Amino acid sequence: MRKAILAALAAAMLVLAGPGASPLHATGTSEASDRIDASTRRLLALNMYHEARGEGRMGMLAVGWVVLNRSEDRAFPRSIRDVIMQGADKSRCQWAWLCSGRDLEPRNSRMWDEALALADELLNVRPPDPTGGALWFRQIVEGDPDWGQVVRTARIGNHIFYARDLGFEAPRRRPGKRVQTARLD
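Mature numbering (1 follows the signal peptide of the UniProt record, and there is no 0) puts the sequence shown at residues -26 to -1, 1 to 159.
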């Protein structure tokens, strides 16, 4: 069932991109040769929509930045698409919505339009990162995660964002990439 959902999602993204879809600019690297197609833009928007539509613009932007931050970190896949799809083929999704078995089509048109606009903004303008370079987030619950050595970087809406504890492990950014950060406390 999950494989069928993932296959349908991948097929829908290819159809929506169309045969002559023009690439969008800017990915997780500063290299001009990197391009994003319409299906990747849609997948990024779907991820922001499903993970944080109830958190408004700032919450969706923060989730988008987690995807970009992961694509720039050596511990994660390099492309935006691969970051979002990581583990989906083995039912170990990094994003709850992807393996939920629910209908993945956006229902709230206002928030979907906002997610698409934010995807464009993230890919083309690169607004400041409100997560402080976070690689993980979760809903607010008691206690800190047991994912290893992490440090809280931001609280945005009902989500807490985390990055590596730099006192524990050196940052693993890919060379040549500068990330703008902003901290919201």
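Cβ coordinates follow ideal geometry from the N, Cα and C atoms, glycine included.
None of the values given here were measured: they were computed from a predicted structure.
Whole-Å CB distance - residue i paired with residue j, under 8 Å assumed
i      : j      : result
Gly33  : His133 : 6 Å
Pro101 : Leu35  : 7 Å
Met59  : Gly38  : In fact, because the Cβ distance is near 16 Å, the residues do not count as touching under 8 Å.
Gly106 : Gly30  : Incorrect: roughly 19 Å between the Cβ atoms, too far for contact.
Trp86  : Glu25  : Wrong, their Cβ atoms sit about 13 Å apart, outside the cutoff.
Residue i vs residue j beta-carbon contact at 9 Å
i      : j      : result
Leu92  : Arg55  : no
Arg27  : Asn82  : yes
Arg112 : Val125 : no
Leu109 : Ala49  : yes
Minimum C-alpha distance to residue i - residue among the options
i      : options                       : result
Ile114 : Ala128, Ser65, Gly106, Gly107 : Ala128
Leu97  : Glu25, Ser53, Glu29           : Ser53
Asp11  : Ala89, Gln68, Asp94, Gly38    : Asp94
Phe135 : Ser13, His24, Arg44           : Arg44
Proximity test, Cβ basis, 9 Å: residue i and chain B
i     : result
Asn21 : Of the protein chains in the structure, only one exists, and it is not chain B.
Segments assigned beta strand (DSSP E), at least 3 residues, entirely inside the stretch 65 to 133 | The DSSP assignment places 110 to 113, 124 to 130 as complete runs of the beta strand (DSSP E) inside the stretch 65 to 133, in order along the chain (cut-off: 3 residues).
Which parts of the stretch 21 to 61 are runs of the alpha helix (DSSP H), unbroken and 4 residues or longer, counting only runs that do not cross its ends?
-> List check, alpha helix (DSSP H) in window: 30 to 45, 54 to 59.
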